[in-house]
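As structure tokens, the structure follows; a few thoughts come after it.
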Amino acid sequence: MPSCWPLVSEAEFGPPRSGEFRATPEDFVVEEVLGFAPEGQGEHLWLWIEKRGLTTLEVVRHLARACGVTPRAIGYAGMKDRIAVTRQWLSVHLPGQQAPEDLAARLDALGVRVLEQVRHPRKLKRGVHRANRFQLRLSGAAINDELEARWAWLCRHGVPNLFGPQRFGPAGRNLIRARSLLARGWRKRDDREGMLLSAARSYLFNELTALRVSDGSWRHLVSGDVAILDGTASQFAVDAVDAVDAELGERAARLDLHPSGVLWGVGTSLARGDALYYENAIAERHAVLCQGLERAGVRMARRALRMRLDQPRLERDGREARLDFLLPRGSFATAVLRELIDHPTLTLSTEA
Numbered sequence: 001m002p003s004c005w006p007l008v009s010e011a012e013f014g015p016p017r018s019g020e021f022r023a024t025p026e027d028f029v030v031e032e033v034l035g036f037a038p039e040g041q042g043e044h045l046w047l048w049i050e051k052r053g054l055t056t057l058e059v060v061r062h063l064a065r066a067c068g069v070t071p072r073a074i075g076y077a078g079m080k081d082r083i084a085v086t087r088q089w090l091s092v093h094l095p096g097q098q099a100p101e102d103l104a105a106r107l108d109a110l111g112v113r114v115l116e117q118v119r120h121p122r123k124l125k126r127g128v129h130r131a132n133r134f135q136l137r138l139s140g141a142a143i144n145d146e147l148e149a150r151w152a153w154l155c156r157h158g159v160p161n162l163f164g165p166q167r168f169g170p171a172g173r174n175l176i177r178a179r180s181l182l183a184r185g186w187r188k189r190d191d192r193e194g195m196l197l198s199a200a201r202s203y204l205f206n207e208l209t210a211l212r213v214s215d216g217s218w219r220h221l222v223s224g225d226v227a228i229l230d231g232t233a234s235q236f237a238v239d240a241v242d243a244v245d246a247e248l249g250e251r252a253a254r255l256d257l258h259p260s261g262v263l264w265g266v267g268t269s270l271a272r273g274d275a276l277y278y279e280n281a282i283a284e285r286h287a288v289l290c291q292g293l294e295r296a297g298v299r300m301a302r303r304a305l306r307m308r309l310d311q312p313r314l315e316r317d318g319r320e321a322r323l324d325f326l327l328p329r330g331s332f333a334t335a336v337l338r339e340l341i342d343h344p345t346l347t348l349s350t351e352a
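Okay, structure coming up:
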């Protein structure tokens with residue numbers, strides 16, 4: 001039986017009790033927070049949509065077909081869950097053209113409501129949105145006073161910024177395929193969307209985060225860390241000295257900045273000292289994945305080890321609870337839920 005990446009709340013409260021989420025799509029609502037407004041004119045038609053029971057890529061294909069364009073003409077900021085009610089922006093390149101008059105009706109028949117249409121000069125690019133707002137409903141034995149205590153602890157200290165199980169596919173099959181592909185040499189024709197490369201990098205990041213969760217350094221700066229400012233991509237190296245600057249330590253305690261971990265690829269890590277020790281341990285433990293990613297030409301990047309729950313709210317009514325919070329783009333609500341409830345779909349295996 002594979003082990004799981006550790007829970008930060010377990011030392012304080014013990015393992016969470018069983019709970020349910022996403023019994024219906026309405027139990028899991030996600031709304032994209034763009035952070036800017038379309039300009040109202042330009043070659044690209046931007047659509048604010050609400051979907052149920054569809055992945056973002058399925059909507060992209062439907063929209064391309066309805067508008068008579070290729071999927072490449074469609075832009076989106078992020079991938080949204082299938083079993084959920086999700087709202088997000090999509091863009092369609094329609095220079096000098098109007099959208100089909102029956103576009104909204106055709107999409108509505110497929111489970112996609114068009115809430116707004118507006119023009120913009122540029123295509124919507126991946127990762128340009130600021131955050132995602134989650135409104136979740138939980139039920140089951142885990143809904144008790146302890147849940148509220150766990151929630152308060154996570155709001156105060158943050159949550160490990162783990163990639164969710166959906167990144168690794170059913171039963172971790174994306175990760176198994178990634179290991180096989182990277183061992184023999186990655187080729188784009190075998191992984192056109194880069195899904196397997198992403199699974200491998202995500203797994204290595206989760207392994208690194210798990211190392212730092214195990215010794216408690218996931219929410220504290222250590223010597224040689226690379227800090228990331230909360231809610232931004234701004235980062236800076238922390239001097240490799242015996243004691244981290246007291247002011248930086250206080251800012252980390254306030255969730256104003258976070259330690260970071262490497263997203264593996266070609267390049268030289270900015271980490272030094274104690275922080276580099278963790279990365280070297282991962283490189284030694286998972287040499288096949290690390291070397292395979294480098295041979296594939298993936299560029300090294302960094303990701304915060306911790307995420308802050310922004311505008312958090314919990315309302316409890318008997319055996320049901322409603323959670324409302326914002327997470328930065330690229331962060332997973334399932335990483336929050338696994339700290340609160342025990343559910344088989346939230347299991348994150350450390351076996352590759």
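In UniProt numbering, the protein residues as written are 1 to 352. Ideal placement from N, C-alpha and C gives every residue a C-beta, glycine not left out. Every value quoted in this text rests on a predicted model; they were computed, and no experiment measured them.
Rounded to whole angstroms, the gap between the alpha carbons of G140 and R316 is 12 Å. For L211, the closest alpha carbon among the candidates A281, H129 and E247 is that of A281. Unbroken beta strand (DSSP E) stretches of 3 residues or longer found wholly inside the stretch 253-319: 257-263, 301-304 and 310-317, given in chain order. Per DSSP, the continuous beta strand (DSSP E) segment holding V30 begins and ends at F28 to V33.
Looking at the backbone, the Cα of A171 and that of S331 are separated by about 21 Å. Distance from the CA atom of A304 to the CA atom of L115, rounded to whole angstroms, is 33 Å.
In the structure shown, E247 falls within a helical segment according to DSSP collapsed to helix, strand and coil. Within the model, the alpha-carbon separation for L110 versus C290 is close to 41 Å. Within the DSSP secondary-structure output, N132 pairs in a beta bridge with E32 and L327.
Within the DSSP bridge table, the entry for Q88 names I49 as partners. In the DSSP assignment, F236 is bridged to A227.
Taking a contact to require three or more Cβ pairs closer than 8 Å, the stretch 223-231 and the stretch 264-276 qualify as touching. At the C-beta level, L45 and R130 stay beyond 8 Å of one another.
By the neighbour-count criterion, in which 16 or more other beta carbons inside 10 Å mark a residue as buried, K125 falls on the exposed side. Around the beta carbon of F21, 16 or more other beta carbons lie within 10 angstroms, which makes this residue buried.
Contact check for N132 against M307 fails: the beta carbons are separated by 8 Å or more. With a minimum length of 4 residues, the unbroken runs of alpha helix (DSSP H) contained wholly in the stretch 66-127 fall at 103-108.
Judged by DSSP in its simplified three-state form, P16 adopts coil rather than helix or strand.
Cβ-Cβ separation between A200 and A178: approximately 4 Å, consistent with a contact (criterion under 8 Å). When only Cα atoms are considered, L103 and G68 end up about 11 Å apart.
Straight-line measurement puts the Cα of R137 at about 38 Å from the Cα of P121. Looking at the backbone, the Cα of D145 and that of L340 are separated by about 12 Å. Annotation: A183 to A105 spans about 48 Å, alpha carbon to alpha carbon.
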